[in-house]
Amino acid sequence: MRAYGRRGRSGFHPVSRISRWKPPVFQRGFNRLNALSDGVVAIAITLLVFPITDLATAEPGANVLMIVNQHSGKFITFFITFLVIAKLWVDNHALYRDVKAYTPPLMWTHIVWLLAIVFITFPMDVLSSASDTNFPNSAVYVGTLLLATATLLVEYMIALTTPALQEKDVNLRPGFIRSIVDVIAVLAAFVLTLTVPQWGLKPLLLLIVGGILGRAMGYWFGKRRTGDPDRHDE
Numbered sequence: 012m013r014a015y016g017r018r019g020r021s022g023f024h025p026v027s028r029i030s031r032w033k034p035p036v037f038q039r040g041f042n043r044l045n046a047l048s049d050g051v052v053a054i055a056i057t058l059l060v061f062p063i064t065d066l067a068t069a070e071p072g073a074n075v076l077m078i079v080n081q082h083s084g085k086f087i088t089f090f091i092t093f094l095v096i097a098k099l100w101v102d103n104h105a106l107y108r109d110v111k112a113y114t115p116p117l118m119w120t121h122i123v124w125l126l127a128i129v130f131i132t133f134p135m136d137v138l139s140s141a142s143d144t145n146f147p148n149s150a151v152y153v154g155t156l157l158l159a160t161a162t163l164l165v166e167y168m169i170a171l172t173t174p175a176l177q178e179k180d181v182n183l184r185p186g187f188i189r190s191i192v193d194v195i196a197v198l199a200a201f202v203l204t205l206t207v208p209q210w211g212l213k214p215l216l217l218l219i220v221g222g223i224l225g226r227a228m229g230y231w232f233g234k235r236r237t238g239d240p241d242r243h244d245e
């Protein structure tokens with residue numbers, strides 16, 4: 012055991028090789044990864060409208076305002092989820108706009124992010140037909156959102172620690188800071204949906220506060236470190 016990790020007769024040095032291992036960087040196929048992301052997000056957003064269109068076919072000839080009034084919960088959940096997915100895509104786009112290649116860890120982390128984007132349509136569909144105060148409806152919804160924001164944070168960490176992935180003259184730190192604040196805000200909302208389920212989706216209001224705070228902290232941090240907070244990360 013003592014000799015393990017030291018150079019033997021064959022020159023094998025497992026400990027040092029493991030410590031020096033770096034994932035391969037690929038530029039070829041990067042555009043396909045971006046295309047896959049855009050396609051998955053587009054499909055997820057399209058799926059959101061199905062519960063609403065079903066209302067029109069279920070009540071032919073009904074007044075639009077009456078349908079909206081009778082099923083206001085479905086429409087509110089639809090708009091909330093649409094904005095959530097849109098924000099997740101914008102935040103992810105801000106990262107990948109400044110990245111020119113990928114590694115296997117980055118690719119698989121991004122696939123988990125896509126999984127969260129697709130799955131969030133399921134709890135959204137449940138919430139559109141049931142009360143958001145019924146445990147654990149809101150918790151599953153916010154938990155899926157937490158998975159998406161956490162994986163984006165991991166993607167930022169991978170990109171920051173792998174300079175070969177970055178475009179020239181970019182500043183990923185403001186986006187990284189915003190991602191940290193987003194995770195904290197969603198985590199707090201998730202805890203509230205678990206401990207105070209009668210609040211429903213109201214804890215998601217923390218995302219507004221987190222977005223403003225994250226933006227301010229990202230700007231301050233970028234300006235303090237580089238003098239140009241959002242050069243390519245706006």
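In the numbering used here, the protein residues as written are 12 to 245. C-beta: ideal position from N, C-alpha, C; glycine also.
DSSP, read as helix, strand or coil, puts residue 130 in helix. Here residue 209 carries a helix assignment [DSSP, helix/strand/coil].
If you compare the alpha carbons of 92, 48, 219 and 154 with that of residue 59, the shortest gap goes to 92. Within the stretch 90-178, the complete alpha helix (DSSP H) segments at least 4 residues long are 115-130, 132-140 and 148-172, listed from N- to C-terminus. For the pair residue 160 and residue 193, the CB atoms are nearer than the 9 Å cut-off. Excluding sequence positions up to five before and after residue 56, its CB lies within less than 8 Å of the CB of 93, 96 and 97, all in the same chain and listed in chain order. Apart from the 5 residues on each side of it in sequence, residue 151 sits with its Cβ closer than 6 Å to the Cβ of 134 in its chain, given in chain order. Looking from the CA of residue 163, the closest CA among 207, 65 and 186 belongs to 186. Cβ-Cβ distances below 7 Å link residue 203 to 210 and 214 in the same chain, with the five nearest sequence neighbours on each side left out; the list follows chain order.
In this structure residue 88 is buried. Its beta-carbon is surrounded by 16 or more other beta-carbon atoms within 10 angstroms.
About 5 Å separates the beta carbon of residue 131 from that of residue 155, a gap short enough to meet the 8 Å contact definition. Listed as beta-bridge partners of residue 86 by DSSP are no residues whatsoever.
In this structure, residue 189 sits near residue 102, with a CB-CB distance shorter than 9 Å. CA-to-CA, the gap between residue 128 and residue 107 works out to about 17 Å. Counting every other CB atom within 10 Å of its CB across the protein chains shown gives residue 115 a total below 16, marking it as exposed. Note on residue 184: 16 or more other CB atoms within 10 angstroms of its CB, so buried under the neighbour-count rule.
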